[in-house]
Amino acid sequence: MGPLPERITIQMSNALSHLSPEKIAEIELHSKKAHRSKRWHDFLEMVGNHSILIALSVIFFMPLYLVIVISLMNKGQAETRSIWPSPFMWSNYVEVFTLVPFLKWTLNTLFVSVMGTIGVVVSSVPPAYVLSRLQWKGRNTTFIIILGTMMLPGQVTMIPVYIIFSKLHWIPSFLPLIVPTFFSSAFSIFLLRQFFTSIPDEISDAARIDGCSEFKLMMRIVVPLAKPAIAAIALFAFLGSWNDFFGPLLYLVENEDLWTLGIGLNAFQGIHHVQTNMLMTASALFMAPVIIIFFFSQKVFIEGVTLTGVKG
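Using our numbering, the first residue of the sequence shown is number 3, and each one after it goes up by one.
Have a look at this one:
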């Protein structure tokens with residue numbers, strides 16, 4: 003017997019040989035109609051999916067578009083809600099640095115964000131390693147307790163924490179915003195632990211046989227393999243610190259020289275008047291670093307978040 007495709011072709015030929023030419027033509031016509039119907043269905047499905055994606059993209063892009071457009075308007079156009087600036091007031095992006103100490107606030111925000119990111123990364127790697135690569139009694143219970151702290155609202159501990167920082171004479175200063183980041187983050191520990199558990203145990207066993215200590219094993223083998231996950235938590239930490247409003251409002255509001263951009267934007271909102279165009283200009287500058295960072299690091303960020311769910 004020949005190959006299966008040849009046998010099928012022979013069987014179909016034998017079956018069609020018993021049909022009349024009219025019946026064969028009818029079958030071919032139905033086959034062509036079914037093929038055209040499927041192609042039309044696939045086309046409509048593609049158009050529908052792309053239409054939904056385009057509509058959602060427009061909706062999500064609209065706030066950013068409005069911020070940029072209003073930032074290029076003069077004061078009168080911004081207050082009358084014009085839909086397009088005429089002329090384009092590029093000078094707004096220079097004037098915003100003269101109205102308020104915008105550069106100083108930017109440097110303050112950058113300092114707090116960078117230090118906070120370093121604190122989260124440095125303090126999250128060791129506990130994540132201990133909870134994932136070492137076997138000890140009560141490991142899973144400890145991990146559950148750490149995850150449980152994520153369900154505790156910050157408002158619950160706000161007053162006692164503020165009192166502690168006040169008695170330490172840390173208010174106003176950057177210390178209340180930076181020091182807590184060096185005491186780890188439950189969310190960061192969770193992400194790193196999930197990634198660490200996906201690393202084969204054989205790698206660690208081979209290193210231990212060669213006399214590698216746990217600290218060297220963590221720093222020279224596990225951490226380099228976990229660069230995507232570490233980059234993900236670093237990005238989360240940086241964005242969280244950069245966008246933080248409540249923390250600086252609570253601890254820095256007494257000293258304008260220490261303000262970050264989060265509370266500095268309020269300087270454009272008076273009691274009786276709001277400088278809408280300058281507020282949008284400052285907001286555009288405030289968003290720019292975040293958009294740029296995410297644009298260039300999105301591949302590593304998505305890879306890190308995705309790989310944390312491989313095992314565990």
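Cβ atoms here follow ideal geometry from the backbone N, Cα and C, with glycine treated the same way.
Is residue i near residue j, with beta carbons less than 8 Å apart?
| i | j | result |
| --- | --- | --- |
| S126 | S206 | no |
| N110 | T262 | yes |
| F185 | A231 | no |
| L287 | V69 | no |
| L194 | A130 | yes |
| L154 | F192 | no |
| L74 | W92 | yes |
| T283 | Y95 | yes |
| F270 | L260 | no |
Going by other Cβ atoms of all chains shown within 10 Å of its Cβ, with 16 needed for buried, is residue i buried or exposed?
| i | result |
| --- | --- |
| D246 | buried |
| T82 | exposed |
| S1 | Residue 1 lies beyond the stretch modelled for the chain, which goes from 3 to 314, so this question has no answer here. |
| Q79 | buried |
| V49 | exposed |
| I293 | exposed |
| F62 | exposed |
| I72 | buried |
| T151 | exposed |
| V158 | exposed |
| M3 | Its pLDDT being 48, under 50, M3 is placed unreliably in this model, and the value from its coordinates should be taken loosely. With fewer than 16 other Cβ atoms within 10 Å, it is exposed. |
| P65 | exposed |
| S59 | exposed |
| P87 | buried |
| P178 | buried |
| Q300 | exposed |
| W244 | buried |
| A57 | exposed |
| A208 | exposed |
| V224 | buried |
| S39 | exposed |
| A290 | exposed |
Name, in chain order, the residues that DSSP records as bridge partners for residue i.
| i | result |
| --- | --- |
| V276 | Q271 |
Suppose the cutoff is 8 Å on Cβ atoms and the five residues either side in sequence are ignored; what does the same chain contact list for residue i look like?
| i | result |
| --- | --- |
| T144 | L133 |
| I173 | Y164, F167, Y253, E256 |
| M160 | L252 |
| I136 | Looking at the sequence provided, one finds Leu at residue 136 rather than Ile. Here the set comprises E216. |
| V123 | S190, I232, I235, A236, A239 |
| I180 | V114, M117, G118, G121 |
| G242 | G118 |
Given residue i, which residues of its chain have a CB within under 6 Å of its CB, disregarding the five upstream and five downstream residues?
| i | result |
| --- | --- |
| F297 | none |
| K218 | none |
| P202 | none |
| Q277 | F270 |
| K139 | none |
Could you round the C-beta distance between residue i and residue j to whole angstroms and report it? I think they count as a contact, below 8 Å.
| i | j | result |
| --- | --- | --- |
| G118 | T183 | 4 Å |
| V102 | G266 | 6 Å |
| N51 | N279 | Actually they are not in contact, since the Cβ atoms of N51 and N279 sit about 38 Å apart, beyond 8 Å. |
Below 7 Å CB to CB, which residues in the same chain sit around residue i once its five sequence neighbours on both sides are set aside?
| i | result |
| --- | --- |
| V312 | Because the pLDDT at V312 is just 46, under 50, the model does not fix this residue reliably, and the value given afterwards should be weighed accordingly. Only S200 meet the Cβ criterion. |
| W107 | W261, T262, L263, G266 |
| S84 | M75 |
| H43 | none |
| S285 | V69, L267 |
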